[in-house]
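**Q** Quick one: structure below, then a few questions.
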Amino acid sequence: MIWLGRGIVLGLLAFIILGPLANLVLWAAAEQWYFPHKLPVSYGTKFWEQVFKPRGDALASLMTSIWIALSTVAACLALAIPAGYALARLKLPWRTAILLAFLLPQAFPSVAVYINVARIFYDLKLNGTMFGVILVHTVHGLVFAVWITAAAFAAVDRDLELAARNLGASGLRSFLTVSLPLAAPGIMASAIFVFLESLDEFTGTFFVGVPDVITLPLLMFTASIAGNYQIAAITALVLLIPSVAFMLFIERFLKADVLSKIGA
Amino acid sequence: MQDRGRLGVVLVAPALAAVLVLFVYPLGYSLATAFEAKGGGFTFGNFAKAFEFYSVDIGFTLVIIGLSTLLIALASIAIGGYLTLGENPRAVALLRWLYRWPLFIPFVVAAQCMRSFLAKNGLMNNTFVALGILEVDQTTGFLDWRGIVITFVWKQTPFVALLAAGAMASLDRSTIEAARNLGASRLRILFEILVPQIMPTLVVGLILSFVTMMSVLSVPLMISGESPTMMTVDMAFRINNYGDYGTANALGFISYLLTAACAWVYLKRQVRQ
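See the structure below:
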């Protein structure tokens, strides 16, 4: 009896968690699906060819999204590596307040803020430009970049840095040859976090990117609202793959020694 | 030492400046605009308009997010509790594998999944009909406020459950074993030993998830964009259709206040302890 109950509860949970994903996969594979059929009437790759045709909207959006995400990662790391090192190793006044400042963009409901960013960017002619969208994504991702990078530097064995200094290495040299390589896996993890955040970001792009910058989430949204469920499902799957892969492998990048120092 | 302090400030300054210019400044701008009349000057008119048009939606937002937060808390406690106290290793392993799936799925994608799953002839109703639980003409779609709640709970539970399960796993096992030996049921151990000890972690997770839900635009737009809906949709509507920054920012101000109230309750709790 216990077995039966446990089986039913787990089965129900599996249905709730995986059912919506299964529905998405079915739509992505369907060529025709209409009421009252419970499953797609015919399957095929017609819509995949439409999505991935050279010079199509979707491929262009994918490229835009990847470019924005890579630029965002570069900007975030350029800001976060020095900041993270300082937070982990150097004497800083108001250290806790500085750490919390990076959390601000995640601590306020963001829609109203993005509306005003768009208004300010409009005067600066940054609306509808890739650069404007990259700026918005950078600030949003900075909390992951700074906090994880700081934790990664804090987890580096201080004796190794001191040994390098004792052997005559300059501060910069010991940073470049000892601290940075040892913190690299943690920095990589923060880069992946920022990349995914940027790839998936919707609200900021919705206000700042219009009408010229159409990232994959915006394309998916437009297709869905217009009722093109196959196109929406295929683009959603493209967005889903890196997210699920990251969930399965996150522990390989974020080791427990770094994880325990995040936000500390 | 003086030099090292200065170096630290120099290294942190660019990142900090980015947050100040690209977040704190627009936030201040938003607060100021909420109290500014169209031609300039101080006014409460934007708030009067926001309440006149959108008081139903403000209430709806609170109900949707409050109910979602409650359900997320219960589901997270159940999942964390079973992962910590479950006695069947295979069921525990299966649950551990299963519950994390939505963790990193973007909100837009979650909304698209639910848009097809919860529809009147989506996979959910189709399965019920195929199993003989419902007749075709008894099915109803869930693409309204209920759909928003379901999507939020589906998407946010893994995050809170991950924190709760982690906190429960790091607790001292000996008290649990002692209670077990004295004959306490697992449910009692969960609510009298585990939950009180992980409360701080659970509350932090729930507050982060509360703010996230207050910020999401795509889910209400895609699941149920029609009135009554959430404040985020109304803000986007005021901007895109009327260029009405005053009312949109007044709604934004109200959403900051709701979040602040939620954070305040938490801080008060912390101080009391």
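Chains as they are written, first to last, in this note's numbering: chain A, 19 to 282; chain B, 66 to 338. Where a beta carbon is used, it is the ideal one built from N, C-alpha and C, also for glycine. Small disclaimer: the values here were computed from a predicted structure and weren't measured.
Secondary structure at Y307(B), three-state DSSP: helix, strand or coil?
**A** The residue given as residue 307(B) occupies position 242 in the second sequence. DSSP places Y307(B) in helix when its eight states are reduced to three.
**Q** The segment 307-319 of chain B: which residues have C-beta closer than 8 Å to a C-beta of chain A, in chain order?
**A** Y310, A313, N314, L316, G317 and F318
**Q** Hey, would you say Y164(B) sits closer than 9 Å to L31(A), going by beta carbons?
**A** For the purposes of this step, residue 164(B) is taken as residue 99 along the second sequence, with counting starting at 1. For the purposes of this step, residue 31(A) is taken as residue 13 along the first sequence, with counting starting at 1. Taking 9 Å as the Cβ cut-off, Y164(B) and L31(A) qualify as a contacting pair.
**Q** Is there a Cβ of chain B sitting closer than 9 Å to that of V276(A), yes or no?
**A** Against the first sequence, residue 276(A) aligns to sequence position 258. Chain B contact via Cβ: absent.
**Q** For Y331(B), would you say it is in contact with chain A, using Cβ-to-Cβ distances shorter than 9 Å as the test?
**A** For this step, residue 331(B) is matched to residue 266 along the second sequence. It does not; no Cβ of chain A falls within 9 Å.
**Q** Counting only the same chain and skipping the five closest in sequence on each side, list residues whose C-beta sits under 8 Å from that of V214(B).
**A** Taking the second sequence and counting its residues from 1, one reaches residue 214(B) at position 149. These residues qualify, in order along the chain: I129, L132, S133 and L136.
**Q** Exposed or buried, which one is I263(B) when buried takes at least 16 other CB atoms within 10 Å?
**A** As a position in the second sequence, residue 263(B) is number 198, starting the count at 1. It is buried - the Cβ of I263(B) has at least 16 other Cβ atoms within 10 Å.
**Q** Since Y61(A) sits in a beta bridge, which residues does DSSP pair it with?
**A** Within the first sequence, the letter at position 43 stands for residue 61(A). DSSP, once it has assigned bridges, lists A48(A) as partnering Y61(A).
**Q** Reducing DSSP to helix, strand and coil, say where E219(A) ends up.
**A** The residue labelled residue 219(A) in the question sits at position 201 within the first sequence. In this structure, E219(A) counts as coil in the three-state DSSP scheme.
**Q** Please report whether the beta-carbon of V74(B) lies at a distance below 9 Å from any beta-carbon of chain A.
**A** Counted from its first residue, the second sequence places residue 74(B) at position 9. V74(B) counts as touching chain A.
**Q** Against chain A, which members of the segment 188-201 of chain B pass a CB distance test of less than 8 Å?
**A** L188, M189, N191, T192, V194, A195 and V201
**Q** Is the Cβ of N111(B) closer than 9 Å to any Cβ of chain A?
**A** Here residue 111(B) refers to the residue found at position 46 of the second sequence. It does not: the Cβ of N111(B) has no partner Cβ on chain A nearer than 9 Å.
**Q** Quick check: the segment 77-87 of chain A against the segment 203-221 of chain A, are there 3 or more CB pairs under 8 Å?
**A** Output reads yes: the segment 203-221 of chain A touches the segment 77-87 of chain A.
**Q** What did DSSP end up calling M66(B) once you bin it into helix, strand or coil?
**A** The count along the second sequence starts at 1 and reaches residue 66(B) at position 1. With a pLDDT of only 46 at M66(B), under 50, the local geometry of the prediction cannot be trusted, and no value is derived from it.
**Q** Just to confirm, are I241(B) and T149(B) a CB contact at a threshold of 9 Å?
**A** Taking the second sequence and counting its residues from 1, the one referred to as residue 241(B) is at position 176. Taking the second sequence and counting its residues from 1, the one referred to as residue 149(B) is at position 84. A contact, by the Cβ cut-off of 9 Å.
**Q** Among K279(A), L122(A) and Y247(A), which residue has its Cα nearest to the Cα of V84(B)?
**A** In the second sequence, the residue the question calls residue 84(B) occupies position 19. Out of K279(A), L122(A) and Y247(A), L122(A) has the C-alpha closest to the C-alpha of V84(B).
**Q** According to DSSP, E101(B) sits in a beta bridge with which residue or residues?
**A** Taking the second sequence and counting its residues from 1, one reaches residue 101(B) at position 36. Looking at the DSSP assignment, E101(B) forms a beta bridge with F107(B).
**Q** Alpha carbon to alpha carbon, how far is G73(B) from M66(B)? Give it in angstroms, no decimals.
**A** Within the second sequence, numbered from 1, the residue matching residue 66(B) stands at position 1. Within the second sequence, numbered from 1, the residue matching residue 73(B) stands at position 8. Its pLDDT being 46, under 50, M66(B) is placed unreliably in this model, and the value from its coordinates should be taken loosely. Going from the Cα of M66(B) to the Cα of G73(B) covers about 11 Å.
**Q** Quick one: which residues of the segment 47-63 of chain A get their C-beta closer than 7 Å to a C-beta of chain C? List them in chain order.
**A** Note that chain C does not occur in the displayed structure, where the protein chains are A and B.
**Q** With a threshold of 8 Å on Cβ separation, who are the neighbours of M148(A) within its own chain once the five nearest residues in sequence on each side are excluded?
**A** Within the first sequence, numbered from 1, the residue matching residue 148(A) stands at position 130. Cβ within range, chain order: T82, W85, I86, S89 and V231.
**Q** In chain order, what residues of the same chain lie with their CB nearer than 7 Å to the CB of T156(A), ignoring the 5 residues before and after it?
**A** Position 138 of the first sequence, counted from the start, is the residue given in the question as residue 156(A). Excluding sequence positions up to five before and after T156(A), its CB lies within less than 7 Å of the CB of T90, A93 and C94, all in the same chain and listed in chain order.
**Q** Could you check how far apart the C-beta atoms of L282(B) and A301(B) are, in whole angstroms? I think they sit under 8 Å.
**A** If you number the second sequence from 1, residue 282(B) lands on position 217. If you number the second sequence from 1, residue 301(B) lands on position 236. Indeed, because the Cβ distance is near 6 Å, the residues count as touching under 8 Å.
**Q** Identify the contact partners of Y94(B) in chain A, using a Cβ-Cβ distance below 8 Å as the criterion.
**A** Numbered from 1 along the second sequence, position 29 holds the residue referred to as residue 94(B). What Y94(B) touches in chain A: N134, R137 and I138.
**Q** What in chain B is Cβ-close to F239(A), meaning under 9 Å?
**A** Within the first sequence, numbered from 1, the residue matching residue 239(A) stands at position 221. Chain B residues near F239(A): V173, A176, Q177, S283, L286 and M287.
**Q** Spell out a yes or no on whether the segment 243-263 of chain A and the segment 176-183 of chain B are touching, meaning 3 or more CB-CB pairs, one atom from each, closer than 8 Å.
**A** yes
**Q** Using the Cβ count rule (16 or more neighbours within 10 Å means buried), how would you classify T63(A)?
**A** Taking the first sequence and counting its residues from 1, one reaches residue 63(A) at position 45. Per the 10 Å Cβ criterion, exposed.
**Q** Let me check understanding here. Comparing Cα to Cα, which of P91(B), G248(B) and I258(B) lies closest to R396(B)?
**A** The requested residue 396(B) is not part of the displayed model; chain B covers only 66 to 338.
**Q** Check whether the Cβ atoms of L188(B) and G37(A) sit closer than 9 Å, and answer yes or no.
**A** Reading the second sequence from its first residue, position 123 is the one you call residue 188(B). Reading the first sequence from its first residue, position 19 is the one you call residue 37(A). Yes, Cβ-Cβ distance for L188(B) and G37(A) is below 9 Å.
**Q** Determine the direct distance from the alpha carbon of L108(A) to that of L76(B), and round the result to whole angstroms.
**A** Here residue 76(B) refers to the residue found at position 11 of the second sequence. Here residue 108(A) refers to the residue found at position 90 of the first sequence. Those two C-alpha atoms are separated by around 10 Å.
**Q** Tell me whether the beta-carbon of F6(A) lies closer than 9 Å to the beta-carbon of F169(B).
**A** Residue coverage of chain A in this structure runs from 19 to 282, which leaves residue 6(A) outside it and unanswerable.
**Q** Buried or exposed: where does A230(B) fall if 16 or more other Cβ atoms within 10 Å of its Cβ makes it buried?
**A** Here residue 230(B) refers to the residue found at position 165 of the second sequence. Buried, because 16 or more other Cβ atoms sit within 10 Å of the Cβ of A230(B).
**Q** Below 9 Å between beta carbons: does that hold for V194(A) and A98(A)?
**A** Position 176 of the first sequence holds residue 194(A). Position 80 of the first sequence holds residue 98(A). Residue 194(A) is actually Leu in this sequence, not Val. Against a cut-off of 9 Å, the Cβ pair of A98(A) and L194(A) comes out as no contact.
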